[in-house]
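First up is the structure itself, then whatever we jot down about it.
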Amino acid sequence: MKAVKLYKSCEAKDIKIEEVEIPKAKENWVVVKVMAFGMNHSEALFRKFEIDNDYFEKPRVPGIECVGIIEESLDNNFKKGDKVIALMGGMGRSFDGSYQEYALLPIKNVFKVNNTNLDWIHLGAIPETYFTAYGSLFQSLQLKENNSLLVRGGTSALGISSIIMAKNLGCRVIATTTDENKIDYLQYLGVDKVIVDKNNFKEQMNEKVDKILELVGARTLLESMNFLNEGGICCHTGLLGGVFELNHFDPIKDIPNGTYLTGFYSNYPTQNIIDEMIDFINTYSIQPELGNVYSFDDIIKASEDLEFGRTNGKAVVVVDEELKKTL
Ligand SMILES: NC(=O)c1ccc[n+]([C@@H]2O[C@H](COP(=O)([O-])OP(=O)(O)OC[C@H]3O[C@@H](n4cnc5c(N)ncnc54)[C@H](OP(=O)(O)O)[C@@H]3O)[C@@H](O)[C@H]2O)c1
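For what it's worth, our numbering labels the leading residue of the sequence shown as 772, then goes sequentially.
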């Protein structure tokens, strides 16, 4: 089978696909035939920098998520042919991930999705992005149909999926972009008010909301919190602004009275939440928005586009030979 193996940090152009043995199932680990996988920024960071840390075993197959079919299982809960998604929990970092035709994955990170109607490519856009969006909206923000929601960083893959789910629920949605050219797209998604987030966010915002999904992150978080209604919640999920920590954070003064600050970390998916999420997607017939779709043979181009922000939304890489013929 084909696999990408990283031996040390490298540029995208140096990525190689190797021929390796198909892994065998073992206790608590199943073999998944990878049909497709979504790409994530953390994979570019892992390849370029993090992999050199001594605590990562090498070589390592990267990729923190995939969709596919159970190929081999010793576990009664999974049988050959089950449709599954897999994500996080160390995938593509502490153990080999999705950039390969067959992946040996721990059962705690593999979830059955036999009831999805999505085709493989659209399903490929779901695991990490929709799980994070769903968890942020419903576990952390406790979003309800009559809520107003601000999505700061609305055109990110995470922002788009959150907007789609919130609009399907019936929420009023305000979303930001730093690019005037994306106003039409956000309106096409159903956004009620688009803010071009450059210098005068405050003047354009001009109203309070019940919930805020903060994807730009620490750079704008405290400013955003001033626009929460009393009882409102802000969820810090993204770091698009490139600032990773709040320095000199003073909770007494920085969290407005009667408002709440929470976060969401996608590292702990469970079958229950994945079931709920797939039910939600089915109930509203949600079709995820796709960015560029690549063949596994074009993994270098896909990795370059990911690194330089050229994937036009959620990038999906098709691994299965038959599915590749449909591209
Ligand atoms: N908490 C978790 O567990 C978790 C899980 C997954 C992802 N994340 C984080 O969530 C964020 C979104 O991820 P994604 O993969 O959905 O992102 P993405 O699709 O790559 O987002 C790209 C968009 O982000 C916006 N952007 C880029 N730089 C920006 C800046 N300096 N300020 C404001 N906006 C900027 C741009 O939109 P415009 O051109 O429209 O401004 C760009 O088109 C990332 O920070 C990611 O690390 C967190």
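In this text, a Cβ means the ideal position worked out from N, Cα and C, and glycines have one as well. Since the model is a prediction, treat every value here as computed from it, not as a measurement.
Approximately 6 Å separates the beta-carbon atoms of leucine 914 and lysine 982; this is inside 8 Å, confirming the contact. Leaving aside the five residues that flank leucine 1011 on each side, the residues in its chain whose CB is nearer than 7 Å to its CB run, in chain order, Gly924, Ser927, Leu986, Val987, Gly988.
Taken through DSSP and simplified to helix, strand or coil, alanine 796 comes out as coil. Distances taken from the Cβ of valine 987 to the heavy atoms of ligand 1 include one shorter than 7 Å. In the three-state DSSP reduction, asparagine 918 falls in the coil class, being neither helix nor strand.
Secondary structure in the stretch 805-883: the alpha helix (DSSP H) runs of 4 residues or longer, each lying completely within the stretch, are 812-819 in chain order. Assigned with DSSP and collapsed to three states, isoleucine 983 falls in strand. Around leucine 1094, the same chain offers Met806, Ala807, Trp891, Ile892 as residues with beta carbons nearer than 8 Å, after the five sequence neighbours per side are excluded.
Closest option to isoleucine 1045, judged by alpha-carbon separation, among Arg831, Tyr873, Tyr901: Tyr901. As DSSP reads the structure, cysteine 942 sits in no beta bridge. When only Cα atoms are considered, glutamine 975 and methionine 996 end up about 15 Å apart. By the neighbour-count criterion, in which a residue is buried when 16 or more other Cβ atoms sit within 10 angstroms of its Cβ, arginine 818 is buried. Remark: C-beta atoms of glycine 1029 and serine 911 do not approach each other more closely than 8 Å. Between the alpha carbons of alanine 1086 and lysine 979 lies a gap of roughly 34 Å. Between serine 869 and alanine 796, the beta carbon gap of about 17 Å keeps them out of contact (Cβ cut-off 8 Å).
At least one heavy atom of ligand 1 falls within 7 Å of the beta-carbon of serine 1037. The alpha carbon of alanine 946 has as its nearest neighbour, out of Met936, Lys969, Tyr956, Leu921, the alpha carbon of Leu921.
Of the heavy atoms belonging to ligand 1, none sits nearer than 7 Å to the Cβ of leucine 993.
For glutamate 899 against leucine 858, the beta-carbon gap comes to about 5 Å, under 8 Å, which counts as contact. In this chain, the beta strand (DSSP E) harbouring histidine 1007 covers 999-1007. In terms of Cα proximity to cysteine 1005, the closest of Asn1018, His1019, Asp1025 is Asp1025.
Closer than 7 Å to some heavy atom of ligand 1: that does not describe the Cβ of leucine 894. For leucine 1032, there is no enclosing alpha helix (DSSP H); the residue is found in the beta strand (DSSP E) stretching over 1031-1034.
Here glutamate 1016 has Ala989 as same chain residues with Cβ atoms under 7 Å from its own Cβ, once five neighbours each way along the sequence are excluded.
Cα atoms of lysine 964 and aspartate 1068: separation of roughly 41 Å, rounded to the nearest angstrom. Collapsing the DSSP output to three states places lysine 953 in a helix.
Here threonine 1041 carries a coil assignment [DSSP, helix/strand/coil].
DSSP links threonine 948 through a beta bridge to Val967.
Annotated three-state conformation of isoleucine 934 is helix, per DSSP. For alanine 1073, the enclosing alpha helix (DSSP H) has its first and last residue at 1070-1078. DSSP places alanine 774 in the strand class (E or B) of the three-state scheme. Non-local C-beta neighbours of cysteine 781 in its own chain, meaning closer than 7 Å and more than five positions away in sequence, comprise Arg818, ordered along the chain. Under the three-state reduction of DSSP, serine 1066 is assigned to strand.
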